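Undergrad: Chains as they are written, first to last, in this note's numbering: chain V, 1 to 330; chain B, 331 to 660; chain E, 661 to 990; chain W, 991 to 1320; chain C, 1321 to 1650; chain S, 1651 to 1980. For glycine and all other residues, C-beta sits at the position ideal for the given N, C-alpha and C. Keep in mind it's a predicted model, so treat the numbers as computed, not measured.
6 protein chains.
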Amino acid sequence: MKDIYIADLANFDEGRNFDSYFLVLLKQQRTTKTNKPYLNLILGDKTGQLEGRIWDPADPRIAKDFERGDIVKARGSASRFDDRLQMKVDQLRLAQPGEADKADLLPSTTYDVAKLWSQLVGFVESFTNPELMRLLTTLLEDPALARAFREAPAAKQLHHAWLGGLLEHVVSLCTLADRVAPHYPMIDRDLLMTGVILHDIGKVRELSWEIGFEYTVEGVLLGHIQIGAALAEKTMDSLPGFPPKLKVLVLHMILSHHGKLEFGSPKLPMIPEALVLNFLDDLDAKMQAVAGEFEKSIREGKGPDELTGKVWALDQRQLLNTRRWLGEGK
Amino acid sequence: MKDIYIADLANFDEGRNFDSYFLVLLKQQRTTKTNKPYLNLILGDKTGQLEGRIWDPADPRIAKDFERGDIVKARGSASRFDDRLQMKVDQLRLAQPGEADKADLLPSTTYDVAKLWSQLVGFVESFTNPELMRLLTTLLEDPALARAFREAPAAKQLHHAWLGGLLEHVVSLCTLADRVAPHYPMIDRDLLMTGVILHDIGKVRELSWEIGFEYTVEGVLLGHIQIGAALAEKTMDSLPGFPPKLKVLVLHMILSHHGKLEFGSPKLPMIPEALVLNFLDDLDAKMQAVAGEFEKSIREGKGPDELTGKVWALDQRQLLNTRRWLGEGK
Amino acid sequence: MKDIYIADLANFDEGRNFDSYFLVLLKQQRTTKTNKPYLNLILGDKTGQLEGRIWDPADPRIAKDFERGDIVKARGSASRFDDRLQMKVDQLRLAQPGEADKADLLPSTTYDVAKLWSQLVGFVESFTNPELMRLLTTLLEDPALARAFREAPAAKQLHHAWLGGLLEHVVSLCTLADRVAPHYPMIDRDLLMTGVILHDIGKVRELSWEIGFEYTVEGVLLGHIQIGAALAEKTMDSLPGFPPKLKVLVLHMILSHHGKLEFGSPKLPMIPEALVLNFLDDLDAKMQAVAGEFEKSIREGKGPDELTGKVWALDQRQLLNTRRWLGEGK
Amino acid sequence: MKDIYIADLANFDEGRNFDSYFLVLLKQQRTTKTNKPYLNLILGDKTGQLEGRIWDPADPRIAKDFERGDIVKARGSASRFDDRLQMKVDQLRLAQPGEADKADLLPSTTYDVAKLWSQLVGFVESFTNPELMRLLTTLLEDPALARAFREAPAAKQLHHAWLGGLLEHVVSLCTLADRVAPHYPMIDRDLLMTGVILHDIGKVRELSWEIGFEYTVEGVLLGHIQIGAALAEKTMDSLPGFPPKLKVLVLHMILSHHGKLEFGSPKLPMIPEALVLNFLDDLDAKMQAVAGEFEKSIREGKGPDELTGKVWALDQRQLLNTRRWLGEGK
Amino acid sequence: MKDIYIADLANFDEGRNFDSYFLVLLKQQRTTKTNKPYLNLILGDKTGQLEGRIWDPADPRIAKDFERGDIVKARGSASRFDDRLQMKVDQLRLAQPGEADKADLLPSTTYDVAKLWSQLVGFVESFTNPELMRLLTTLLEDPALARAFREAPAAKQLHHAWLGGLLEHVVSLCTLADRVAPHYPMIDRDLLMTGVILHDIGKVRELSWEIGFEYTVEGVLLGHIQIGAALAEKTMDSLPGFPPKLKVLVLHMILSHHGKLEFGSPKLPMIPEALVLNFLDDLDAKMQAVAGEFEKSIREGKGPDELTGKVWALDQRQLLNTRRWLGEGK
Amino acid sequence: MKDIYIADLANFDEGRNFDSYFLVLLKQQRTTKTNKPYLNLILGDKTGQLEGRIWDPADPRIAKDFERGDIVKARGSASRFDDRLQMKVDQLRLAQPGEADKADLLPSTTYDVAKLWSQLVGFVESFTNPELMRLLTTLLEDPALARAFREAPAAKQLHHAWLGGLLEHVVSLCTLADRVAPHYPMIDRDLLMTGVILHDIGKVRELSWEIGFEYTVEGVLLGHIQIGAALAEKTMDSLPGFPPKLKVLVLHMILSHHGKLEFGSPKLPMIPEALVLNFLDDLDAKMQAVAGEFEKSIREGKGPDELTGKVWALDQRQLLNTRRWLGEGK
């Protein structure tokens, strides 16, 4: 297990030596102003990313054979340069198989995945519509899909992206939808829940998360909406007697969940369930972004009077943490 | 009490005589193609509006002294012209004081106003923040304001506008906010509820509802956001020791609740509570618009495969009623 | 066969009697100002549409049992009202099976469908990529799909919509793409042609053309892009060994062909072939709209100095017919 | 008094020692690449800002107890780095009370504030409307407000922001409005002038100018439009018998002066006076921006053929100085 | 001279006979519902337009030989239909040459054209820049151009369009620019005035005003900006020794005066004079639109509390007449 | 002739000495952190640009008398700094007249200009419209214009800009238009070709290409659309009997070729030829941008799975090279 994580380095003495395991996210040959070759790395673990510099690649203590995607053990010291933390790497070798835990090296959900999964299954079991229950059960019982669903991040950007992020996002949204659905009698709860569970399912193929989080070429050219709709359609086609109208409605939920054509939905929400799905998905994403920014402000030592940094999900707006400003706990 | 209402006329035999009480919403002198003067009226009751024609204003059975805003008793027959119902008025006189109930003559909420009011008061009593409770109690105990709050429509357009509409909208939103608030620990529930209760309070002066629903000149030049913020500010200034920071937050909730500058909010939501208020207000307004359109489609005899008319609140989109299409009840 | 068509009526003596076969596109019960019931019809044939009025539905010469979608024989006279032609129907009966040709009753392409089809097949036979040829051959040899492809209109609005319109549009675009492709060496001609042939294939289920041209509910909720992509995907999945990368590219061509998110494409063109497809599709649609407007101006008797009406496909711009203005033929 | 100002350093020998008084606008602990701690400062005086570096914070000639907001005396030399001037600070101590003049340390208007104020008062005295004169007199005679009005900058960004900037802007606009008003007989001159004088009054609380120019939290959450309207409303409410219609008009002038919803005005100008106020405010702001850019170009040694830098107030457009290009004086 | 004008008919007894001279703006053959041919006319005079109906074109009292563009004497009566005034024409003959004054038959400025012209010439004579004075003198002394400049309307829509409208607009703008220019020392007054005088000069060929106000084909395809720039360029090229830089500046004033690309200016204002020209042109056009709407509201009998109709030049905003609302004169 | 070009340096040993001829595009006096003066240069040749640093300007081996625009011979070594190549210049002297070929020092087309020119002339000779042939012949036979047409770049940015770029772009577009025109019978081919040849002709004065590629002041204030239209108009005016309608059409082609007001066209395409011109110009520019990005990706060593950099001409979209991804040649 790792002793020290990237996030810990913020409060670590600059210049003091340490060593730890990292995933190599980038490896580039560079040359200094005075024409000396050096290596520029990006190293990652579950708490963040760090630039690494190997000023003397010929040093025998530096392994020659490591590549992007490898797990390495590195020794060196960290310092702050232009407000970014940078590691000077003095020694580096490939980690032995089993020596480091992959789970420590990519950011992942802070929730218990098994518990999230059982919450998800619980929501499906609460369905009264047998066809929708059959659809979701079939999907969630597919071992490859279930594994991917448990692992996939919900987005590429570091910011909101972590292993298990997709599942965490879906379970949070299920809970919220379950609170809101009864307020509107015209809502078909099971259809809404089906939309919640499937809306981002295409991300299991839009993104790859082996080495950092990246878009696949398929993801770039087709997008998770199309991938997810195709996956749902193929599954419904495989279920004998699945009602054709219900199939159209489920596909419509997936297609329209971004709520606007310019956000990549080829259709706008045209049924009440799709309208609610779009609102709750949007609200939940924004509230998570705000929560993340509040935490970041605290980590960065900002005062209660200070606004957060610009929140990308809110058109670069800056927010104020109500409770802190009022002097309340947290 | 009225025997027959405007909405009933849709299924009434064309040409058969009837009489009823109406509010005169418009009275215009006109001339026919062949140069004969006639009167063009718009008559209203709580179920809708109806064009009226008096082809012979000189007829002694037609009162001379009625004006816009008067309650009249009219007799005649109805027919459909270009898909709009029109009444040919044969007799018309001013109603005696007490003869007709004003409540029958303007559309009003189908809920029990006293019960809505006690729900609202109940939400205020559930507050744990004494300052916000004091603010709302002071406002709701102001007799003139309380009366206006119980009567005011939530909007001018016929569509969503009825007496008690503001209160109905606010109570529905309180219920929804109460369901959603616990999902987000960073939300200050009492501040959110305060925003819900006060966000549209300026409508009590932006609109008039004596004769139909109109904007006041003050409403046109200042808007309900400014009127409401001024009302809240004056009240908070009158409460000794009201915390200045809380005052700023309450005003910010009102100012930002439209969520976008182009919708007339001079500030965007910059605290989590304002963000949630904007989302829930928007969702609730849209869901009510959809519910209204579904009812209208049924009244108009549309089939379950047919889309609704264009929904103004949803950028002229047309919707499909999921439950009807699937052949379920309702 | 019909003797007289709706378009002929423009130059027909108003008031003179005639009879002809029509498709009933709409049938509504209405009431006159003086409370007499009458029937309002919309009658269509391949040259256009016409409002019909039956002022005395009880007349024994008027059949009782006809409905929307029936073919009828009607007798009466036409006149112009507010610049729209209207038919007063004096007699009407259901047509006998075989008495009228359905092909005369809906607008259809002026080209020979068999010839268009063989042009299309010829383009496919010119492919050098065996996989794409196999994909298209499989699709075009499916009898149900081939029939629908030959019949489907390219759009709902009367304007550009006629039976065979989809095929006509696709063949025109094939010809144009075949001219342009050699200008750009980086273009994979067969992939471009595949995109041209499949881009609107989903319209065979987005639209129905039994009685007039309408959107299906599936079409409204999913759209022809999604329907077409699903059809192509299912077919490619059924071909053993179809290359996965090629599958992604074909789907991308379909998904991105509208060229902008706000036009309903969930992905923007990201390969050169998709870029060219979007340009040529857009150009061809606009040039057809312009040609149609020029013909309409001539039919309406506009002078060579006069602009066309507002062209919807060109943001309501009005155009000038260069050749006519210069006094050249046509 | 200061001997040397930041703007003078542009023509000062790099590396030559000097000392001067500065306001500390920012103080940050940093570490060099080689892990040595240093201090990063932003120092300001009335002519601009300057980065300062203290490479050896432990040096006994460097005071330990200074903070952001303090006035200090610093000694060192300046040099240019990446086109920005930077000061290497060798000695630094807190200034004694009275040793330095605060007025030298923040940018301030080049006009005589007392004279600007008497011009403003003169405009008010020229009013013929006694109510509006009473309103403005009351406001301008409030000592705290009058002081803030004389001191406040008109904006935060360095660019157009200086002590007295608000007053300078308002007096310039009064003069311009006084020229334009007589051209339009329908304009109520006194109402227009009232709008001119009050439109930005909320900036006295939206901004703080003790240490540099910053937005207050109140300013961020409410904005100067709301703050100014509330201030005007409270004052009008305190004047017995102030006409209610006039109150609405004055508030409307303030609310609508940005001219567009997306610029933060909750109402668009709906009276002629508000329309003119918006135009003149916009024109005057842009002309001041242009004049500032022309001066900057001359200071930077640009030739008469060269365009200015990108002007933020003109959508990043670049301008040409007509007179210089034509070879005329100035 | 005409005895009665179209605007007078609003207060004329419906059905009473009158006769007057009109310009025939449109003549169309139509057929009634009962298949009788009739003539539909649009008749104009300097106060407005009027629909005319000739129900019996065969009547010997109706001339056969009149066409669009002719001056006719017509007799009949007027009545109101759907709020539009309509004339039933009983007799109609061609006017004899000299019998009617063309000036009575198209709307024209209420100012004295000779006086406006001499004001314009006066502004040119006040120039200190000899080159610009020479340019404008050359243009204004061209007899054909000077005549067109005195006659041309400033726009096509009836609303702001009248003979002499261009000259009236330009002189108003000269006066305004003359007031504003001294406020900004960096402004070259003569260049600004040149821009004011020439900015719309292309309208003399963009519009035709022989029979009503129409766009020419040249006007539609090139626009008044291009036509005006070409006219100015040709004139400057004809003046020996005209300074090339001044030529570029004059052309830039014309090209950029609409202020935005989306308003048809191919260049944005990039010199201070162009910026001021755009602002003043825009302000003056809007103020004239507002003044026109206020007059229209009074003519239509609206009360002082009522907003104007939607003002096209102000994005369909409605305005309030400050002075009337406050109960002041006018 | 030069031995080594800037593009070659990417694969040159860092630190190894070389010498070559360059055009000086920029020369700036700067000072190091430690207060030592140095010279910052931008050096160009036909393959690109390079930053140069002269750390010791006083060195006798460094000429004192060179300026921006001079051709120099420089000796030194190159290294990579922050991914940009930088040259340390040790010796530098002015080149002797004739010693270096100017054609080697600015980027220029890879096509044979004489051949491009004869292709262009060939297109003109193929015209059947004698007037348009006369217009183009007159223009192309003007020696000064013809020289400029052969030399001018098509744009300022390095990216697509090279000597002869305008001619190369026009000839490519002629070829494409010649392929597309026959597909649309309503197109007047000669008018379309005239538009193709003249649409960007104003660039010969909008840009200067003596020292790098820059906008002229005339270009900035008037733009190539206006300059080109004026040039075409003057030429047509000089041809006796040139048909006025044809003149309007030719000018309209130039004015409208950007296709949108917001792209600087003062008129939208309103004739079919202008519509086609705008489409083909846009398509060709984008396809060239894509081809350039594909080449750049290969030069940068990107893999076939990697997207290109963000393409400015395609709204910062990234593209995939179909052929490379499929593993085909190229």
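By a C-beta neighbour count over all protein chains shown, 10 Å radius and 16 as the cutoff for buried, is T1885(S) buried or exposed?
TA: Buried is the label assigned to T1885(S), since at least 16 other Cβ atoms lie within 10 Å of its Cβ.
Undergrad: Which residues in the same chain as F1777(S) place their Cβ atom closer than 6 Å to its Cβ, once the five residues preceding and following it in sequence are excluded?
TA: M1783, D1840
Undergrad: For a quick check, are the C-beta atoms of S1492(C) and D1604(C) less than 9 Å apart?
TA: Between S1492(C) and D1604(C), the C-beta spacing is below 9 Å.
Undergrad: For Q1699(S), which residues of its own chain have a beta-carbon under 8 Å away from its beta-carbon, when the five flanking residues on both sides are left out?
TA: I1656, L1675, I1692, L1693, L1808.
Undergrad: What did DSSP end up calling Q282(B) once you bin it into helix, strand or coil?
TA: This structure gives no information on residue 282(B), because the portion of chain B shown stretches from 331 to 660.
Undergrad: At a Cβ threshold of 9 Å, is L1212(W) touching chain V?
TA: Not flagged as an interface residue toward chain V: L1212(W), since no C-beta distance is shorter than 9 Å.
Undergrad: Buried or exposed for F352(B), going by 16 or more other Cβ atoms inside 10 Å?
TA: buried
Undergrad: Have a look at V1722(S), E1923(S), K1738(S) and flag the residue whose alpha-carbon is nearest the alpha-carbon of D1754(S).
TA: V1722(S)
Undergrad: Just to check my reading of the structure: L999(W) and L591(B) have Cβ atoms closer than 8 Å, yes? What is that Cβ distance to the nearest angstrom?
TA: That belief does not hold up - the Cβ atoms of L999(W) and L591(B) are roughly 41 Å apart, past 8 Å.
Undergrad: Per DSSP, what are the beta-bridge partners of F1777(S) in this structure?
TA: DSSP, once it has assigned bridges, lists no residue as partnering F1777(S).
Undergrad: Of all Cβ atoms in chain E, is any one closer than 9 Å to the Cβ of N1971(S)?
TA: yes
Undergrad: Could you give the uninterrupted runs of the alpha helix (DSSP H) lying entirely in the segment 1527 to 1612 of chain C, keeping only those of 4 residues or more?
TA: 1537 to 1558, 1564 to 1575
Undergrad: Identify each residue in the segment 1515 to 1541 of chain C for which the Cβ-Cβ distance to at least one residue of chain E is less than 8 Å, and report them in chain order.
TA: Hits within the stretch, in order: V1537, V1540, L1541.
Undergrad: List the residues that DSSP assigns as beta-bridge partners of L1016(W).
TA: Paired residue(s): I1032(W).
Undergrad: Using CA coordinates, which residue listed in L974(E), L752(E), D719(E), S768(E) is at the minimum distance from A949(E)?
TA: L974(E)
Undergrad: Could you work out which residues of chain C lie near P1256(W), taking near to mean beta carbons separated by less than 7 Å?
TA: Under the 7 Å cutoff, chain C gives no residues; its nearest Cβ is about 14 Å from P1256(W).
Undergrad: Rounded to whole angstroms, what's the CA-CA distance from V1867(S) to S1558(C)? Just pull it up for me.
TA: Looking at the backbone, the Cα of V1867(S) and that of S1558(C) are separated by about 23 Å.
Undergrad: Where do the N-terminal and C-terminal ends of the alpha helix (DSSP H) with E828(E) fall, by residue?
TA: Per DSSP, E828(E) belongs to the alpha helix (DSSP H) from 825 to 840.
Undergrad: Kindly indicate the opening and closing residues of the alpha helix (DSSP H) around G195(V).
TA: 189 to 198
Undergrad: Decide yes or no for the touch test of the segment 805 to 818 of chain E against the segment 850 to 867 of chain E: beta carbon pairs closer than 8 Å, at least 3 of them.
TA: Here the segment 805 to 818 of chain E makes contact with the segment 850 to 867 of chain E; the two share three or more CB pairs at distances below 8 Å.
Undergrad: Among L1927(S), N1667(S), F1944(S), which has the Cα closest to the Cα of D2042(S)?
TA: Residue 2042(S) lies beyond the stretch modelled for chain S, which goes from 1651 to 1980, so this question has no answer here.
Undergrad: For the segment 1951 to 1965 of chain S, list every residue whose C-beta sits within 8 Å of some C-beta in chain V, in sequence order.
TA: D1955, L1957
Undergrad: Give me the residue from G303(V), D305(V), L320(V) with the minimum Cα distance to V311(V).
TA: Minimum Cα distance to V311(V) is reached at L320(V).
Undergrad: Please list, in chain order, the residues of the segment 884 to 895 of chain E that have any C-beta partner in chain V closer than 7 Å.
TA: I885, Q886, A889, A890, E893
Undergrad: Count the CB pairs spanning the segment 395 to 409 of chain B and the segment 421 to 433 of chain B that are closer than 8 Å, and state whether there are at least three.
TA: Three or more beta-carbon pairs separated by less than 8 Å link the segment 395 to 409 of chain B to the segment 421 to 433 of chain B, which places the two stretches in contact.
Undergrad: Does the beta carbon of R1797(S) come closer than 9 Å to any beta carbon on chain E?
TA: no
Undergrad: With a threshold of 9 Å between beta carbons, is M931(W) in contact with chain C?
TA: Residue 931(W) is absent from the structure shown; chain W starts at 991 and stops at 1320.
Undergrad: Let me confirm a value: T1100(W) is counted as buried when at least 16 other C-beta atoms fall within 10 Å, else exposed. Which label applies?
TA: exposed
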